[in-house]
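*Asks:* Numbering (the UniProt record's numbering), first residue to last: 127 to 446. Okay, here's the structure, questions in a sec.
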Ligand code: GH3
Ligand code: MG
Ligand code: MG
Ligand code: MG
């Protein structure tokens, strides 16, 4: 039964991919201030594509930012310089990869060639051959849809690989990768960083008494409290079952200790409500500042030893 569901999901994914690849029509933004010229282009493309015409470069850039599938820029217009418009488009985060096609006259050939340096994907010379224009637009757009699709699938897969579905936090793989730059910064810039490991106290007992489902709800809430009470630059992960690993960039041990203790206090001090029951959940944490030349597993060992001491010392406490 589970296998069937799985296969069904795969089929669904595959269909999504194919739809993306087979998608043929999209939105073309045409930046042109000559009404006669823009009319001709629109007439050729509009049976297949949705064509937006902009005569003013500022509004055109804004429109491009909102998301289009391809942009056509007229090289020489009375109001603007097409090459500068293309350069500005490439500066838009949203349009870094949108295909741009530029239209020019034969005497602009040198400028048309320069357009490629700016990141224009294709050029067309007047007089325009309608079929050629349509073919080039279609090709560029298909390539764009294909790239979009790959990117979406890649991001989706990446998310599955590095995130924990229960809590929404990054998982161990995510943590191990995300802290690599912190090791670099420690070596090259002498920038300190600390790690801490949080572990829920007597969680086995909690599960035994309340059941696994309520245990899961508690895990979710503890994760939420951790992530909302750390800085956005801190790397918060669910490292194992009921263990959370956090890395604090640019943080020495004393600061990490006080941050950890503050969060510990917040978790212990506010009941967690699950199915109408107010539960007092406590956590213990071990903290270690990473030493130069140290390897990840050495730091973990020290943080883990600190956690163990915190448990031995009566739990609901943070130790270095
Ligand atoms: P201590 O205070 O020493 O940490 O005691 P503990 O019971 O929390 O420690 P132990 O490591 O012995 O047990 C951890 C428990 O966490 C065991 C397991 O059932 C529970 N657990 C691990 N992952 C999950 C999960 O995803 N959901 C739920 N509900 N429980 C989990
Ligand atoms: Mg544990
Ligand atoms: Mg344990
Ligand atoms: Mg525990």
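Beta carbons are placed, not taken as given, at the ideal position from N, Cα and C, and that holds for glycine. In this text, all values refer to a predicted model and were calculated from it rather than measured experimentally.
1. With which residues is residue 412 paired in a DSSP beta bridge?
2. Cutting at 7 Å between CB atoms, please list the residues of its own chain near residue 340, excluding the five before and the five after it.
3. So who's on the other strand from residue 374, going by DSSP bridges?
4. Out of 286, 373, 274, 329, which one is the CA nearest neighbour of residue 318?
5. Per DSSP, what kind of secondary structure is residue 249 in: helix, strand or coil?
6. Give the C-beta separation of residue 260 and residue 170 to the nearest angstrom, bearing in mind that I take them to be a contact with Cβ-Cβ under 8 Å.
7. Considering only their Cβ atoms, is the gap separating residue 358 from residue 304 smaller than 9 Å?
8. Mind checking which residues open and close the beta strand (DSSP E) that includes residue 176?
9. Assess contact between the segment 328-337 and the segment 283-290, defined as three or more Cβ pairs (one per stretch) separated by less than 8 Å. Is contact present?
10. Look up residue 489 in the DSSP assignment and say whether it is helix, strand or coil.
11. Tell me whether residue 417 counts as near ligand 1, meaning its Cβ is closer than 8 Å to at least one heavy atom of that ligand.
12. Check whether the Cβ of residue 250 sits closer than 8 Å to any heavy atom of ligand 1, and report yes or no.
13. Compute the distance between the beta-carbons of residue 176 and residue 152, then report whether it is under 9 Å.
14. If you measure from each residue's Cβ to the nearest non-hydrogen atom of ligand 5, which ones come out under 7 Å, in chain order?
15. Check each candidate in 420, 149, 403, 425 and name the one with the smallest Cα separation from residue 413.
16. Taking the alpha-carbon positions, what's the residue 218 to residue 191 distance?
17. I think residue 365 touches residue 356, with their Cβ atoms under 8 Å apart; what is that distance to the nearest whole Å?
18. Is it the case that the Cβ atoms of residue 410 and residue 325 are separated by a distance below 9 Å?
19. Residues in the same chain with beta-carbon distance under 7 Å from residue 368, minus the five sequence neighbours each way, listed in chain order, please.
20. Strictly by DSSP, which residues pair up with residue 364?
21. Rounded to whole angstroms, what's the CA-CA distance from residue 269 to residue 226? Just pull it up for me.
22. Put residue 170 into one of helix, strand or coil per three-state DSSP.
23. Should residue 397 go down as buried or exposed, given a rule of 16 or more other Cβ atoms within 10 Å for buried?
24. Which class does residue 314 belong to by DSSP, given the choice of helix, strand or coil?
25. What residues are listed by DSSP as bridge partners for residue 260?
26. Can you tell me which residues form a DSSP beta bridge with residue 289?
27. Is there contact here, the segment 230-244 with the segment 195-215, by at least three beta-carbon pairs under 8 Å?
28. Just to check my reading of the structure: residue 416 and residue 320 have Cβ atoms closer than 8 Å, yes? What is that Cβ distance to the nearest angstrom?
29. Using CA coordinates, which residue listed in 343, 294, 405 is at the minimum distance from residue 354?
30. Exposed or buried, which one is residue 378 when buried takes at least 16 other CB atoms within 10 Å?
31. What residues in its chain sit with their C-beta under 8 Å from that of residue 436, if we drop five residues either side in the sequence?
*Replies:* For this structure:
1. Stepping through the chain shown from its first residue, residue 412 is reached at position 286. The partner list for residue 412 (beta bridge, DSSP) reads 323, 445.
2. In the chain shown, residue 340 corresponds to position 214, counting from 1. Counting only residues of its own chain and dropping the five nearest sequence neighbours on each side, residue 340 has a CB closer than 7 Å to the CB of 400, 401.
3. In the chain shown, the residue the question calls residue 374 occupies position 248. DSSP links residue 374 through a beta bridge to 320.
4. As a working note, residue 318 is residue 192 in the chain shown. Distances from the CA of residue 318 to each of 286, 373, 274, 329 were compared; the closest alpha carbon is that of 373.
5. Translated into positions along the chain shown, residue 249 becomes position 123. It is a strand residue.
6. Indexing the chain shown from 1 puts residue 260 at position 134. Indexing the chain shown from 1 puts residue 170 at position 44. Between residue 260 and residue 170 the beta-carbon gap is near 6 Å, inside 8 Å, which marks them as a contact.
7. In the chain shown, the residue the question calls residue 304 occupies position 178. In the chain shown, the residue the question calls residue 358 occupies position 232. No, the pair does not count as a contact, with Cβ atoms beyond the cut-off.
8. Residue numbering aside, residue 176 sits at position 50 when the chain shown is read from its first letter. Start and end: 176-180.
9. As far as the Cβ criterion goes, the segment 328-337 does not touch the segment 283-290, which means the pair count is below three.
10. Here the chain has residues from 127 to 446 only, and residue 489 is not among them.
11. For the purposes of this step, residue 417 is taken as the residue at position 291 of the chain shown. Residue 417 Cβ: outside cutoff for every heavy atom of ligand 1.
12. The residue you call residue 250 lines up with position 124 of the chain shown. Not under cutoff, so the answer is no.
13. Mapped onto the chain shown, residue 176 falls at position 50. Mapped onto the chain shown, residue 152 falls at position 26. Yes; because the gap between Cβ atoms is below 9 Å, this pair is in contact.
14. The model depicted lacks ligand 5 and carries ligand 1, ligand 2, ligand 3 and ligand 4 instead.
15. As a position in the chain shown, residue 413 is number 287, starting the count at 1. The shortest C-alpha separation from residue 413 is found at 425.
16. For the purposes of this step, residue 218 is taken as the residue at position 92 of the chain shown. For the purposes of this step, residue 191 is taken as the residue at position 65 of the chain shown. Looking at the two C-alpha atoms, the distance is approximately 7 Å.
17. Sequence index remark: in the chain shown, residue 365 carries index 239 (1-based). Sequence index remark: in the chain shown, residue 356 carries index 230 (1-based). Cβ-Cβ separation between residue 365 and residue 356: approximately 14 Å, too far for a contact (criterion under 8 Å).
18. Taking the chain shown and counting its residues from 1, the one referred to as residue 410 is at position 284. Taking the chain shown and counting its residues from 1, the one referred to as residue 325 is at position 199. Contact check for residue 410 against residue 325 passes: the beta carbons are separated by less than 9 Å.
19. Position 242 of the chain shown, counted from the start, is the residue given in the question as residue 368. 325, 326, 329, 345.
20. The count along the chain shown starts at 1 and reaches residue 364 at position 238. 370.
21. Numbered from its first residue, the chain shown carries residue 269 at position 143. Numbered from its first residue, the chain shown carries residue 226 at position 100. The alpha-carbon atoms of residue 269 and residue 226 are separated by roughly 12 Å.
22. By one-based count along the chain shown, residue 170 stands at place 44. Residue state for residue 170 is assigned as helix, using DSSP reduced to three classes.
23. On the chain shown, position 271 is the one that residue 397 refers to. Classification for residue 397: exposed.
24. Position 188 of the chain shown, counted from the start, is the residue given in the question as residue 314. The answer is helix: DSSP assigns residue 314 an H, G or I state.
25. Taking the first residue of the chain shown as position 1, residue 260 is located at position 134. Under DSSP, residue 260 forms no beta bridge with any residue.
26. Residue 289 sits at position 163 when you count from the first residue of the chain shown. According to DSSP, which records beta bridges pairwise, residue 289 is partnered with 296.
27. Enough Cβ pairs lie closer than 8 Å, so yes.
28. In the chain shown, residue 416 corresponds to position 290, counting from 1. In the chain shown, residue 320 corresponds to position 194, counting from 1. That belief holds up - the Cβ atoms of residue 416 and residue 320 are roughly 7 Å apart, short of 8 Å.
29. Within the chain shown, residue 354 is the residue found at index 228, counting from 1. When only C-alpha atoms are compared, the closest one is 294.
30. The residue given as residue 378 occupies position 252 in the chain shown. It counts as exposed.
31. Indexing the chain shown from 1 puts residue 436 at position 310. In the same chain as residue 436, and ignoring 5 residues on each side of it, the C-beta atoms closer than 8 Å to its own belong to 410, 411, 412, 443, 444, 445, in chain order.
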